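These notes are about the structure you will find just below.
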Amino acid sequence: STEAGEGGRPPLKMPRSTRDHAEESRRLIANMEHRLGESRAAPWQVRKRLFRDLQRELHPDKNLDDPEAAKLAFQRLMELRGSFLAP
């Protein structure tokens, strides 16, 4: 809801459930893996740039709406680092 809360203050955000975090992390990971898959045959410099862009996008500090889901996606990205950036 975008209505103001009591006293004109913005309403408090309800904490996300564990299920919401899991769904959001699955969405982030699927998107990331799709983008990595499309670039698998690209030159190393292009893959490195994409990897760095994904690191910035998925970093929990950049995803204040759901840092927990971003953390899971970021961890998965780091697991794929060696295989994706191999020459």
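With the numbering used here applied, the sequence shown corresponds to residues 7 to 93, in that order.
Every residue, glycine too, gets a C-beta built ideally from N, C-alpha and C.
The structure displayed is predicted, hence computed values, not measured ones.
Q. Is it true that the CB of L60 sits closer than 8 Å to the CB of R41?
A. By one-based count along the sequence shown, residue 41 stands at place 35. By one-based count along the sequence shown, residue 60 stands at place 54. Contact flag set, yes.
Original post:
In or out: L83 buried (at least 16 other Cβ within 10 Å) or exposed?
Top reply: Residue mapping note: residue 83 aligns to position 77 of the sequence shown, counting from 1. Answer is buried; the Cβ neighbour count reaches 16.
Indicate whether P66 and F80 have their beta-carbon atoms separated by less than 8 Å. Within the sequence shown, numbered from 1, the residue matching residue 66 stands at position 60. Within the sequence shown, numbered from 1, the residue matching residue 80 stands at position 74. A contact, by the Cβ cut-off of 8 Å.
Can the beta-carbon of S45 be found closer than 8 Å to that of L56?
Here the question's residue 45 lines up with position 39 in the sequence shown. Here the question's residue 56 lines up with position 50 in the sequence shown. Yes; because the gap between Cβ atoms is below 8 Å, this pair is in contact.
Exercise for review: Could you check which residue in R87, F90, E74 has the C-alpha nearest to that of R32?
Suggested key: Counting from one through the sequence shown, the residue named residue 32 turns up at place 26. R32 has its Cα closest to that of E74, out of R87, F90, E74.
> Where does P66 fall in DSSP's three states?
Replying inline: One-based indexing of the sequence shown puts residue 66 at position 60. In the three-state reduction of the DSSP assignment, P66 falls in the helix class, which pools H, G and I.
### Query
Quick one: Cα of N43 to Cα of A36, how far?
Stepping through the sequence shown from its first residue, residue 43 is reached at position 37. Stepping through the sequence shown from its first residue, residue 36 is reached at position 30. Asn is not the amino acid found at residue 43; the sequence shown has Gly there. Near 10 Å, if we compare the C-alpha coordinates of A36 and G43.
**Study point:** Span of the alpha helix (DSSP H) around P73
**Key:** In the sequence shown, residue 73 corresponds to position 67, counting from 1. 73-91 is the span of the alpha helix (DSSP H), which, as asked, contains P73.
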